[in-house]
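Student:
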Amino acid sequence: MTSQPNDDTLRDMHRRMVRIRHFEETAGKMMEDGKIPGALHLYVGQEAIAAGIMVHLADTDQITSTHRGHGHLIAKGGDFNRMYAELFGKATGYCKGKGGSMHICDMDLGMLGANGIVGAGPPIAVGAAFANKFKDNGAVAVTFFGDGASNEGSVHEAANMAGLFKLPIVMVCENNGYGEYTAQKNHQAIVDVADRAAGYGMPGVVVDGMDVVAVYEAAGEAIDRARSGGGPTLLECKTYRYYDHVGVRGMGLSYRTDEEVMEWKKRDPIDLFEARLSEQDIMSKDDMAAVHETVKGELDVAIQFANDSPMPDPSTLLDDVYYVA
Amino acid sequence: MTSQPNDDTLRDMHRRMVRIRHFEETAGKMMEDGKIPGALHLYVGQEAIAAGIMVHLADTDQITSTHRGHGHLIAKGGDFNRMYAELFGKATGYCKGKGGSMHICDMDLGMLGANGIVGAGPPIAVGAAFANKFKDNGAVAVTFFGDGASNEGSVHEAANMAGLFKLPIVMVCENNGYGEYTAQKNHQAIVDVADRAAGYGMPGVVVDGMDVVAVYEAAGEAIDRARSGGGPTLLECKTYRYYDHVGVRGMGLSYRTDEEVMEWKKRDPIDLFEARLSEQDIMSKDDMAAVHETVKGELDVAIQFANDSPMPDPSTLLDDVYYVA
Amino acid sequence: MAEAQTTEARTLPYVAAITEGIRQVLLEQENAFVAGEDVAGAGGVYGSFKGLLAEFGERRVIDTPISEAGIIGLGVGAAATGCRPIIDLMFMDFLGECMDEVANQMAKMRFMFGGAAQLPITVLTMAGAGLNLAAQHSQSLEAWLCHLPGLKVMMPATPYDAKGSIIAAARDSNPVFVILNKMSLGLPGEVPEDPYEVPIGVANIVRPGTNFTIVAFGRMLHEALTAAEDLKADGIDTEVIDPITLQPFDTDTVIDSVKKTHRAMIVHEAVRFAGFGAEIAAQIQELAFDYLDAPVARVGAPFSPVPFSPGLEPHYVPNAKTIAAEARRTLGL
Amino acid sequence: MAEAQTTEARTLPYVAAITEGIRQVLLEQENAFVAGEDVAGAGGVYGSFKGLLAEFGERRVIDTPISEAGIIGLGVGAAATGCRPIIDLMFMDFLGECMDEVANQMAKMRFMFGGAAQLPITVLTMAGAGLNLAAQHSQSLEAWLCHLPGLKVMMPATPYDAKGSIIAAARDSNPVFVILNKMSLGLPGEVPEDPYEVPIGVANIVRPGTNFTIVAFGRMLHEALTAAEDLKADGIDTEVIDPITLQPFDTDTVIDSVKKTHRAMIVHEAVRFAGFGAEIAAQIQELAFDYLDAPVARVGAPFSPVPFSPGLEPHYVPNAKTIAAEARRTLGL
Ligand SMILES: Cc1ncc(C[n+]2csc(CCOP(=O)(O)OP(=O)(O)O)c2C)c(N)n1
Ligand SMILES: Cc1ncc(C[n+]2csc(CCOP(=O)(O)OP(=O)(O)O)c2C)c(N)n1
Ligand SMILES: [Mg+2]
Ligand SMILES: [Mg+2]
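Protein chains in written order, with my numbering: chain A, 1 to 325; chain B, 1001 to 1325; chain C, 2001 to 2333; chain D, 3001 to 3333.
1. Count the CB pairs spanning the region 71-89 of chain A and the region 305-313 of chain A that are closer than 8 Å, and state whether there are at least three.
2. Mind checking who C1095/B pairs with in its DSSP beta bridge?
3. Note down, in chain order, all residues in the region 182-203 of chain A with a beta-carbon under 7 Å from any beta-carbon belonging to chain B.
4. Please decide whether K1098/B counts as near chain C, where near means a Cβ-Cβ distance under 8 Å.
5. With a Cβ-Cβ cutoff of 8 Å, do V2153/C and L2246/C count as a contact?
6. Nearest to R68/A by CA position, among G119/A, G52/A and Q4/A, is which residue?
7. Which residues in chain D have a C-beta closer than 8 Å to the C-beta of V1126/B? List them in chain order.
8. What residues in its chain sit with their C-beta under 7 Å from that of A2004/C, if we drop five residues either side in the sequence?
9. Should I2086/C and L2124/C be called a contact, given that it needs their Cβ atoms to be closer than 8 Å?
10. Where does G2235/C fall in DSSP's three states?
11. Kindly indicate which three-state DSSP category N1307/B falls into: helix, strand or coil?
12. On the premise that M1017/B lies in contact with P1269/B, defined as a C-beta separation below 8 Å, what is that separation, rounded to the nearest angstrom?
13. Could you say if the region 3217-3224 of chain D and the region 3311-3331 of chain D meet the contact criterion of at least three C-beta pairs nearer than 8 Å?
14. Alpha carbon to alpha carbon, how far is Y1094/B from V1044/B? Give it in angstroms, no decimals.
15. Put Y2083/C into one of helix, strand or coil per three-state DSSP.
16. Would you kindly check if the distance between the Cβ of D1195/B and the Cβ of A198/A is under 8 Å?
17. Please check the pair A158/A and P122/A, which I expect to be a contact at CB under 8 Å, by giving their CB distance rounded to whole angstroms.
18. Which first and last residues belong to the alpha helix (DSSP H) in which C3098/D is found?
19. Report buried or exposed for K1185/B, applying the criterion of at least 16 other Cβ atoms within 10 angstroms of its Cβ.
20. With DSSP as the reference, identify every bridge partner of Y1178/B, one or two as the case may be.
21. Quick check on the DSSP output: the beta strand (DSSP E) that includes V193/A runs from which residue to which?
22. Given a limit of 7 Å on CB to CB distance, which residues of the region 1106-1132 of chain B reach chain D?
23. Can you look up D300/A in the DSSP assignment and give me helix, strand or coil?
24. Taking 7 Å as the cut-off, does the CB of R241/A come closer than this to any heavy atom belonging to ligand 1?
25. Report all residues for which the CB-ligand distance to some heavy atom of ligand 4 is below 6 Å; order them along the chain.
26. Against chain D, with Cβ distances strictly below 8 Å, would H72/A count as a contact?
27. Is there contact here, the region 2140-2148 of chain C with the region 3134-3151 of chain D, by at least three beta-carbon pairs under 8 Å?
28. Does the beta carbon of D2100/C come closer than 8 Å to any beta carbon on chain E?
29. Distance check for K2182/C and M2090/C, CA to CA, integer angstroms please.
30. Please classify N1006/B as buried or exposed, where buried requires at least 16 other C-beta atoms within 10 Å of its C-beta.
31. Can you tell me which of T2330/C, F2289/C and A2327/C puts its alpha carbon nearest to the alpha carbon of T3330/D?
32. So, does the CB of M13/A fall closer than 8 Å to a CB anywhere in chain D?
33. Should N3319/D be flagged as near chain A, meaning a C-beta pair shorter than 8 Å?
34. Could you please give the first and the last residue of the uninterrupted alpha helix (DSSP H) stretch that includes A2170/C?
35. When the Cα atoms are used, what is the spatial distance from M251/A to A149/A?
36. Using a Cβ cut-off of 8 Å (strictly closer), state whether G1069/B contacts chain C.
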């Protein structure tokens, strides 16, 4: 697994990244069209991370996500129809319209939810990893959190427990350089969040989060280690989000320069990867175009599905508060 | 300041250590005699830390303490009378009987309180350090916390803010090897809590917490750095508590061996220091005996004072909930 | 109750009833485990986990770091993935350290996920003043929890109810808090040997009466019972109801009683202002307005943190005397 | 109020009134500073801190890491050592992250220290649903805070009250929470230019009436006022009281009103069960029992987390229609 990805895996990762990219671009449009109520945090720019990691995971492996969770769910195999329905607040959505973007989840895929609370995922993932170890089922948990989230106490507590119990978990910091509108240098006095790993007795690894193969390799090693009883890893992926913290504006923002955005876009994870795929003759331009088209077609279907779906009936409001035997 | 302590300072530290030791031994007896209600967490064994650090501080410098707070207050200049009165729950105590051992404080000495909540001190000390920087008053804050406390999220958040804002603060981890009845190896996967400093962009220093001169020197450097705008330090002092987590039993405990206790006692901080003081002809045996006797006399007076003091009147119960102009 | 009680009841102290309840859950449910600070090696700081490590081993009885958010989070994650965690929160006062995990994750996950998650998690914690442990180790904060849809909240006062609440909580597939009382550890009571449930959401009429209703829970139940005896002297025949479960609250039992007695008082140890007693009082006047001959009275702690001193704390915590006095005041005696 | 209002009132939106209040505090008190997540560079995620960084600089307007416990702790420590911090907690839902610092440190420090500490700290936070922000970004958790001796709690509903509450809170030398409402950001209202205080602990009779009392706070005040107009059709002349401050609560004003009107209803946005309305209802029936012609009614959110969907959320949050309907039900109309 720590070896190079084979061609099928490369194509698989490509497809996952493209799925995320188009889903998110479309979601941005839907938001601007007033179709998506509430808050929308787009994952565009960070696709290589979700794809390069999730391709290692089975449905029995779990992940916890963040407020920026669509990419994680899609890479884990999420269903576009139910995702769009949820974003629209429809009864057919993943959460029957009760959760929305910030709480999208698929328990059957081991996707234990996006989360509106920064830093809330890691302790929950520690619990999933604990359960895996308890049941000795060979499953691994992966938790995603941002550079901003790394300053929450909950992340610290989770990391310490992961290291102490040598849990089958990978803690993935998606360092996109900002927590909301605050640059990393204004929220912590370090450059690499991975430097914190030593304090938990786990390896800390920094990887280029725009390079899906690099992510794939580093994640493979970490996941193998976790699966084989070697304990946790803190894997930091350097990345960038193209759009604003919330919503769809990308350029002309006061807290970062357009030059910075453009600099990062030069290393767009999909462009980079497609260049490589075509250079190495793994996929032709046509192959890739076909993937894009297929995904777009699926999105049309999903948006149609979501549009056609009913709003939840007010009578369902008090359902799902408790489990009733 | 980072130089060797001069003779006066050595004698000063000795006196502070002796004051703590006798206060605590006496408190243990008072507890056994049923004079002290509630919970008592003795500091015996750790005296070198409080003394070696506090001797650098002025009353305008602040500290935050822990549930094991008597030693910190005494080393900061705490008044025995008001301390014993508080331990007894009397109206003349530091907190008018409202706080007891776990909340003992002296705001005039910059002692911002013992704290019943593990890990609660560091964020408060960060606030004090922030205020010092805000007012540019040259004061330094020192926060004490245990190895167990280092796993609380609040300590992480405080450390990150201290590093980020380059605050005039020293974060002192008194690593006595246990959090309650749990050995360090069972609560974290690291040996040196100081390893966490790198993750906050501050230096981490490990020092022998049984050697008051070593503590003095390391603390001096850290406090100088803080005072001169060089930012925070994580100073870990390796130490041991002689008595049980709470109460006065020292030997025959199930979670540690008597051999371990005896091994540490061979390096008793006061014995070690007294040997050195007499070797270096700084204090004679008689000088030292006189210090012990004086302190014991002060304690007799304090206990008498506390005994003679009245319980708080029930009518004072609702006082001090709010400040009333 | 889920099963017949074939065995004789023995007298056990509250703390041993707690341990027995946990032990029987661990025997019964292979995916149950206990995690918390010092619950394994030390058997808990109150002794309520004594012997469990020896019997069940390190896999199922786990000492954690001092990381309340992490511990509750661990429970939530493990529950969501098929375990049945029993998490210990040593003092209820430490809720502040993990309130996000309790309020925003544990309580809401099922709802936010449209029912896709199931969270069979039990949280044990200790409330209560009386031991001179001062403001941060003596609180009763049940009102915070009762305000949170998604949680169930029990507050058993007797050894029997402690054991049966723990078993009921652990068998329930929702998050359930079982709030225990640290002053009651040595309190003796009859406890059947076999496992049994104290049904969640069912109040207990501990003392039947005809012309006054006291609703009391937690340790205050015992004080209220003593007060009820005292009130007999004045011809007051008090019905004492222990709701045991605060959420879901057994409104019917309380309302039926008040419709009979026409006068009611709520007693709890928590701060009176904005305490759970307010909810009960509000419900009674809403649902039995025409039956009430006097305002619903409330007894709770005054509006201050819990004081340390033996000269103050006894004046802070309600007791049989203050309860009886307030009853007399409200009844115009 | 502390000073005469010499200037004309202008119409300002709620959000600008907030900013003006903070700005005038910073002008007035040299030891005041503002700290919170994205309050400086971004001017706050609601725009309520806009312009403050430019005017007061980095020393007094401080962006913090995402560390709620750390931020509140910073405020507590700075307040205890002579500063007058204004701390922003972006969403009230994040209380869970810092509840220890709020409940066990901020609220109790002065008492535990026997009065030796003084904590002039103001915490600003945003409550409220209605923007499809789902369960973790929409709560109204004032009941938790009101149960904590040592805190003061304000919940201003209008631009005037928002500015005046912030100034009053910042001038007070106790910890004061000012709970604002995110749906009301654009709400216009008259706001005098000079600094002024909305006195802490004094309720406002917003609409005088003779035969029905509604106590409503936060954004629900506006819904209640609309409902009151609607009820006129049935001959109900509703007095609407906004307590503004929940702790200390202005019981007298409410009781005086009920003694006059004989019927009362409480309206808040928080979950009804164990919400602060229970305390008010309990107090009314305690103190005005003989004056009541009907049970005190309560309107609040149902017992579920806040749902996301536009198909559900409007059915969750109380509004003028549901308030009027419940009023009619309780009045037997
Ligand atoms: C506990 C908590 N604090 C603050 C917020 C508001 N908030 C939402 S996202 C965010 C920034 C998170 O930054 P980061 O972790 O780097 O993730 P990114 O948005 O960059 O993906 C903040 C402060 C929140 N949702 N939860
Ligand atoms: C938030 C919180 N969790 C748990 C406790 C219970 N408790 C009190 S002291 C202690 C151990 C602290 O260990 P450490 O920080 O190493 O300090 P030491 O007692 O060794 O001085 C614990 C768990 C507490 N008081 N507060
Ligand atoms: Mg980020
Ligand atoms: Mg320790």
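C-beta: ideal position from N, C-alpha, C; glycine also.
Tutor: Checking against the coordinates, here is how it stands:
1. yes
2. DSSP, once it has assigned bridges, lists no residue as partnering C1095/B.
3. H187, Q188, A189, I190, D195, R196, A198, G199, Y200 and G201
4. yes
5. yes
6. G119/A
7. G3070, G3073, L3074 and G3077
8. Unreliable placement is indicated for A2004/C, whose pLDDT of 48 sits below 50; no coordinate value is reported for it.
9. yes
10. coil
11. helix
12. 6 Å
13. yes
14. 21 Å
15. Correcting the residue type first, residue 2083/C is Cys in the shown sequence and not Tyr. In the structure shown, C2083/C sits in coil (DSSP, three-state: anything other than H, G, I, E or B).
16. yes
17. 4 Å
18. L3095 to D3100
19. exposed
20. A1183/B
21. That residue, V193/A, is in no beta strand (DSSP E); it is neither H nor E in DSSP.
22. M1107, L1112, G1113, I1117, A1120, P1123, I1124, A1125, V1126, G1127, A1128, F1130 and A1131
23. helix
24. yes
25. G1146/B, D1147/B, G1148/B, N1176/B, Y1178/B and G1179/B
26. no
27. yes
28. Structure shown: chain E not included; protein chains present are A, B, C and D.
29. 10 Å
30. exposed
31. F2289/C
32. no
33. no
34. P2159 to R2171
35. 24 Å
36. no
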